[in-house]
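Residue numbers (our numbering): -4 to 417.
Reviewing the structure listed below.
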């Protein structure tokens, strides 16, 4: 089971230190899972990051950078590879970026997109599982559920609004139009507004968490005990650096994401501080299923970290602890790239005709990324900048051109509802 929670930043979950009880079901699973404490998204919006989760290569390789880009068919996707291993596969998406029209049905025996809430997605998924149980009860399954809660607009179901955001009286807060107006400075922001937005965001997380818990209980009642991955495509900014939303930035509030893996039957939890990336998902799940990821994959299997008695030792021995993790953002007229190596992170903004603007952070000493070390550590800055250039050049050498897709009026309207089109 691959449960993708759209726009979920890592610090709003209990198992990552959030003080409000918005995620009891995710938290309970985390206690019996491997939790990757330093997981990074490889772009700042949904289509390229979900493509990376499903192909094991980053955006610079699969080429999805713009709204008219779709998934190119030469990549063998995770569901394709699992189908070759005997799995029956299904994907259910509520995000208009991830549809059959944008190429994401590749490898799924059943794929459905609808602008629906997480309750509806879960019902679709359970109906499919019941159909599979009736037709091929012994066949293993791969199921992807991509829900949009807590993506803006922040409009939680009433029980969760009443519990977590009862003090927010203005129903105009948290709409896509409101968030865009805040980002564009057409209306002023205040600390009170930001606090209220966080309340609504928490309520949406609680809604998703509740449905996830109910879904797991339904699986249990059917005798299903699959391995489970909970991951996000990217996070969300709440004016930490003058920005609202996610498509404009590569700082920690957008790139730091939850990522846990629960193996079927696992009873003990562990936490891993080795940095990991979304491209690692495909080779990890392929190996769990008994296959081999093969050539052409940028990600690395995290199986040594799942199995090791000492995850720190496993990370060092498998070369995972000191990898170069690349994230890019080439859309919305703000091209940028970031590179994580161990405890350090470089962010580089690039504009044609201008020298790159760079920031350097120590993610161990400064997890909030508030203290720019670029001026204090020029040698380290230079080394990281060189590594970044090398990674970009390496990816470009094996990149493909994304398929250009034509967005019909219905798709454009649904992308507009998510804030991708004005």
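Beta carbons are placed, not taken as given, at the ideal position from N, Cα and C, and that holds for glycine.
Query raised in the report: For residue 332, does the three-state DSSP call read helix, strand or coil?
Result: strand
Query raised in the report: Cβ of residue 226 within 9 Å of Cβ of residue 40?
Result: no
Report task. Measure the beta-carbon distance from residue 3 to residue 240 and round it to whole angstroms, keeping in mind my assumption that it falls under 8 Å. Result -> That pair is no contact at about 14 Å.
**Report entry** Cβ-Cβ distance between residue 132 and residue 196 below 9 Å
**Finding:** no
Requested in this report: Determine the extent of the alpha helix (DSSP H) in which residue 82 is found, giving its start and end residues.
Outcome: Looking at the DSSP string, residue 82 is not in any alpha helix (DSSP H), and its letter there is neither H nor E.
Requested in this report: Put residue 240 into one of helix, strand or coil per three-state DSSP.
Outcome: strand
Requested in this report: Measure how close the beta-carbons of residue 393 and residue 255 come, nearest whole angstrom, since I'm counting them as under 8 Å.
Outcome: The pair is not a contact, with the Cβ atoms about 30 Å apart (cut-off 8 Å).
Query - Top-ranked residue by Cα proximity to residue 315, from 213, 376, 273 and 269 - result: 269
Query raised in the report: Can you tell me the Cα-Cα spacing of residue 19 and residue 252, whole angstroms?
Result: 18 Å
Report task. State the Cα-Cα distance for the pair residue 275 and residue 55, rounded to the nearest angstrom. Result -> 15 Å
Query raised in the report: Enumerated in chain order, which unbroken segments of the alpha helix (DSSP H) with a length of 4 residues or greater are wholly contained in the region 33 to 78?
Result: 41 to 50 and 54 to 57
Report task. Evaluate contact between the region 376 to 391 and the region 40 to 49, counting only Cβ atoms and requiring at least three cross-stretch pairs below 8 Å. Result -> no
Report task. From the DSSP output, in three-state form, read off residue 189 for me. Result -> helix
Query raised in the report: Out of curiosity, what's the CA-to-CA distance linking residue 158 and residue 198?
Result: 8 Å
Query raised in the report: When DSSP builds the beta bridges, which residues end up paired with residue 232?
Result: 240
Query raised in the report: Which whole-angstrom value is the C-beta distance of residue 94 and residue 70, which I expect to be below 8 Å?
Result: With a Cβ gap of about 17 Å, residue 94 and residue 70 do not count as contacting.
Query raised in the report: Any chance the region 74 to 93 sits against the region 170 to 190, with 3 or more Cβ pairs inside 8 Å?
Result: no
Report task. State the CB to CB distance for the pair residue 10 and residue 30, rounded to an integer number of angstroms; the pair is presumed to be in contact (CB under 8 Å). Result -> 6 Å
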